[in-house]
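Novice: Those letters in the sequence shown? Residues -22 to -1, 1 to 186, per mature numbering (1 follows the signal peptide of the UniProt record, and there is no 0), in order. For each residue, glycine too, the CB sits at the ideal point set by N, CA and C. Below: one structure in structure tokens.
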Amino acid sequence: MKRTFGAALLATTTLLMTPAAAAGPLVVNGDFTSPPVSAGQYQRLTTDSDLPGWTVASGDVDLYSADLARLDGAQSLNLTGSHNGAISQSLSLLAGRSYELTWHDAPDTWPGSPQDPGASDPEKESCLTKPNDDQAYNVAVPGRRPVTFTPAGSGGQSPDWQPKSLRFTAGEDDSVIRFVSQAATQSLPHCGPQITRVNVRPAPGPTA
């Protein structure tokens, strides 16, 4: 009897430790709080940079400080650095299980920064005038074609964060989520969409 109880307890414990049953978020560093960025600044990240949990898959991206993000201590990631970039993360998912990816987005709020008189540095120009429609990005999840999103919040130096979500079913060999900037580059090419609060949780019911 004791052995039977012990085996049952072990099986239950193993079940509770599976990704589908585990409590808490499945995404690492979804608030982009690591590495920390000094107040009022951004840190440019390239394909060679270390962004815990994430891979900068192409181009470069900008990590904004918490005071620029203005969302309860979270930092934000601008998917456009000097030009359009992309990030990805491989998750521990159960094939055939339905999940929901959630995140917040906002148009670029980089206010610009002073430059020496007579100097020309386009990347110091404010991003507040770039239209939302020019700050589109794609989100790719397992089992679905990439979906295009456009930040719906209003402009200004205080980000108007909007929640977004996407349902998907995990496949056998694909457990990667990707965010890819599609921002227009004709003007203000260093300005693009911001994201933060990225999370994935098991979702009951059929995939939408």
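Start and end of the alpha helix (DSSP H) containing Asp45?
Specialist: 44 to 47
Novice: Alpha carbon to alpha carbon, what distance is there between Val117 and Thr126?
Specialist: Near 6 Å, if we compare the C-alpha coordinates of Val117 and Thr126.
Novice: How is the beta strand (DSSP E) around Pro141 delimited, first residue to last?
Specialist: That run of the beta strand (DSSP E) goes 140 to 147.
Novice: Can you list, in chain order, the residues of its chain with a C-beta nearer than 6 Å to that of Ser132? Leave out the 5 residues immediately preceding and following it.
Specialist: Asp138
Novice: From Thr172 to Gly37, what does the alpha carbon distance come to, in whole angstroms?
Specialist: The residue asked about is misnamed: residue 172 is Gln in this sequence, not Thr. Cα to Cα, Gln172 sits roughly 15 Å from Gly37.
Novice: DSSP three-state call for Asn7: helix, strand or coil?
Specialist: DSSP places Asn7 in coil when its eight states are reduced to three.
Novice: Going straight from the alpha carbon of Gly74 to that of Asp28, what length do you get?
Specialist: 31 Å
Novice: Mind checking who Trp81 pairs with in its DSSP beta bridge?
Specialist: Lys142
Novice: Based on the DSSP output, what are the partners of Pro180 in its beta bridges?
Specialist: As computed with DSSP, Pro180 is found in a beta bridge with Tyr77.
Novice: Just tell me which of Ala130, Ser68, Arg48 has its CA closest to the CA of Ala84.
Specialist: Ala130
Novice: When you compare only the Cα positions, how much space is there between Gly8 and Pro109?
Specialist: C-alpha separation (whole angstroms): 26 Å.
Novice: Comparing alpha-carbon positions, which option in Asp111, Trp88, Ala114, Asp112 lies nearest Glu103?
Specialist: Trp88
Novice: According to DSSP, is Gly170 helix, strand or coil?
Specialist: coil
Novice: Do Ala148 and Leu23 count as a contact pair if the criterion is CB distance below 8 Å?
Specialist: no
Novice: Look at the alpha carbon of Asp152 and the alpha carbon of Pro120, and state the distance between them as a whole number of angstroms.
Specialist: Spanning the alpha carbons of Asp152 and Pro120 requires a straight line of approximately 6 Å.
Novice: Across which residues does DSSP place Ala64 in a beta bridge pair?
Specialist: Ser36, Val158
Novice: Go through its chain and collect everything with a Cβ distance to Ala63's Cβ below 7 Å, but skip five positions before and after it.
Specialist: Rather than Ala, the amino acid found at residue 63 in this sequence is Gly. Correct list, in chain order: Val34, Ser36, Gly37, Asp38, Val39, Leu57, Ser159.
Novice: Use the C-beta contact count for Val176: other C-beta atoms within 10 angstroms, 16 or more gives buried, fewer gives exposed.
Specialist: buried
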